[in-house]
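J.: Each protein sequence line maps, in turn, to chains R and Z. Position in the first sequence (first residue = 1) + 13 = the numbering used here. Position in the second sequence (first residue = 1) + 13 = the numbering used here. Don't be surprised by glycine CBs; every beta carbon is placed ideally from N, CA and C. As the structure is a prediction and not an experimental result, all values here were calculated from the model. Take a look at this one; I'll ask things after.
2 protein chains.
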Amino acid sequence: MSKFGEKIRELRECNNLLLRELASEIKIDQALLSKIERGNRIATKKQALLIAGFFNVNREEFLSQWLGEKIAYELKDEELASEALKVAEEELEYYKKTKKETNHV
Amino acid sequence: MSKFGEKIRELRECNNLLLRELASEIKIDQALLSKIERGNRIATKKQALLIAGFFNVNREEFLSQWLGEKIAYELKDEELASEALKVAEEELEYYKKTKKETNHV
DNA sequence: CATATATTTGACAAACAGTGTCAAGTCAAA
DNA sequence: TTTGACTTGACACTGTTTGTCAAATATATG
């Protein structure tokens, strides 16, 4: 898995960069970048932002993919993952509404 | 928010139990249970199972709600939460498939 | 094949986030 | 104003995540 890691690798290779080169650009260890590309580690938000910035890609889209990956990674061994995602969606929806109401008072 | 916490409180009150009583049944501090019911803390999986067991409710459903709440809690301050959930869903779906293929080889 | 270059992996200390606990706080009913 | 139920904040403890290094593996090149 790890669409996010694949995406980084793709960006990196299309720009003819070595792991070491991209790693040094964004100031992380190349071993860590390797793990991120392969989906063995999840990037921090900061790192995701640095990468998006460096390649100049759409920031929101990239961050959504990063965050989505992070959640998927967390759920990868859970049998009830997809049910849980539905619950989470509802709950966030519900929360958004009540928050809006609260703000308007 | 916290549908999960509300659910526990509902179960507890319908069974005429005080916080302190339920807390002692499942062997946690009542302060902690209070926080869980109010959505200020996320129960551990173990605690969720103990509660489900104690009230004898559907285990899978209850765990899904627990896990969903956990994710929602994690995403509560993220602007891109709902996009991320979609990404996560896709990714898990994709992962499930490739895993299945792999197992069949 | 031998060497050089690129990437991957495992292990570990350091940093960080989550958990349980206690004592003090609020609130409502009597 | 006392009592009982619940809530909150602070803190030490625990466990997880993160970054880093060295060694291992793969890939390419003379």
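Ignore the nearest five residues each way along the sequence and tell me which others in R/E38's own chain have a CB closer than 6 Å to its CB.
T.: Against the first sequence, residue 38 of chain R aligns to sequence position 25. If we look at R/E38 and ignore the five residues flanking it on each side, its Cβ neighbours are F67.
J.: Excluding five sequence neighbours on each side, which residues of the same chain lie with their C-beta closer than 7 Å to the C-beta of R/K18?
T.: In the first sequence, the residue the question calls residue 18 of chain R occupies position 5. In the sequence as presented, Lys is not what sits at residue 18 of chain R; that position holds Gly. The answer, listed in chain order, is I49, E50, R51 and G52.
J.: Using 8 Å as the limit for Cβ to Cβ distance, is R/K16 near chain Z?
T.: Residue numbering aside, residue 16 of chain R sits at position 3 when the first sequence is read from its first letter. Answer yes: the Cβ-Cβ gap between R/K16 and chain Z drops below 8 Å somewhere.
J.: Looking at C-beta atoms only, is the number of pairs between the segment 27 to 45 of chain R and the segment 88 to 98 of chain R that lie closer than 8 Å three or more?
T.: No: the two stretches stay apart, fewer than three of their Cβ pairs being nearer than 8 Å.
J.: Determine the DSSP secondary structure at Z/K99, reduced to helix, strand or coil.
T.: Counted from its first residue, the second sequence places residue 99 of chain Z at position 86. Helix, per DSSP.
J.: Sorted by chain position, which residues of the same chain lie with C-beta nearer than 6 Å to Z/S15's C-beta, five sequence neighbours on each side aside?
T.: Looking up residue 15 of chain Z in the second sequence gives position 2. G52, listed in sequence order.
J.: What is the residue span of the alpha helix (DSSP H) that R/K62 lies within?
T.: Position 49 of the first sequence, counted from the first residue, corresponds to residue 62 of chain R. For clarity, residue 62 of chain R is Leu in the given sequence; the question names Lys instead. Its alpha helix (DSSP H) spans residues K58 to F68.
J.: For Z/E38, name the three-state secondary structure that DSSP assigns.
T.: Here residue 38 of chain Z is taken as the residue at index 25 of the second sequence, counted from 1. Three-state result, Z/E38: helix.
J.: Any C-beta of chain R sitting closer than 8 Å to the C-beta of Z/I49?
T.: In the second sequence, counting from the first residue as 1, residue 49 of chain Z sits at position 36. Answer no: the Cβ-Cβ gap between Z/I49 and chain R never drops below 8 Å.
J.: Starting from the beta carbon of Z/A97, find every residue of chain R whose beta carbon is closer than 7 Å, and list them in chain order.
T.: Taking the second sequence and counting its residues from 1, one reaches residue 97 of chain Z at position 84. Simply S77, L80, G81 and I84.
J.: Does R/L32 come within less than 8 Å of chain Z when only Cβ atoms are used?
T.: Numbered from its first residue, the first sequence carries residue 32 of chain R at position 19. So no, R/L32 is outside the interface.
J.: Give me, in chain order, the residues of the same chain whose beta-carbon lies closer than 7 Å to that of Z/A56; leave out the 5 immediate sequence neighbours on both sides.
T.: Walking along the second sequence from the start, residue 56 of chain Z turns up at place 43. For Z/A56, where only same-chain residues beyond five positions count, the Cβ hits under 7 Å are I49 and W79.
J.: Determine the burial state of R/A65: buried for a count of at least 16 other Cβ atoms within 10 Å of its Cβ, exposed for fewer.
T.: Working through the first sequence from its first residue, we reach residue 65 of chain R at position 52. Buried.
J.: Cα separation between Z/E23 and R/L88?
T.: Counting from 1 along the second sequence, the entry for residue 23 of chain Z is found at position 10. Counting from 1 along the first sequence, the entry for residue 88 of chain R is found at position 75. Whole-angstrom Cα-Cα distance: 28 Å.
J.: List, in order along the chain, the chain R residues whose C-beta lies closer than 9 Å to that of Z/V70?
T.: Walking along the second sequence from the start, residue 70 of chain Z turns up at place 57. By Cβ distance, chain R contributes nothing, its closest Cβ being about 15 Å from Z/V70, past 9 Å.
J.: At 7 Å on the CB atoms, spell out the chain R contacts of Z/A56, in chain order.
T.: Taking the first residue of the second sequence as 1, we reach residue 56 of chain Z at position 43. Here the premise fails: no neighbours, minimum Cβ distance about 14 Å.
J.: Indicate the three-state DSSP secondary structure (helix, strand or coil) for Z/L88 in the structure shown.
T.: Here residue 88 of chain Z is taken as the residue at index 75 of the second sequence, counted from 1. Three-state result, Z/L88: helix.
J.: How about R/L93 and Z/E73: do their beta carbons lie closer than 8 Å?
T.: The residue labelled residue 93 of chain R in the question sits at position 80 within the first sequence. The residue labelled residue 73 of chain Z in the question sits at position 60 within the second sequence. Cβ atoms of R/L93 and Z/E73: closer than 8 Å.
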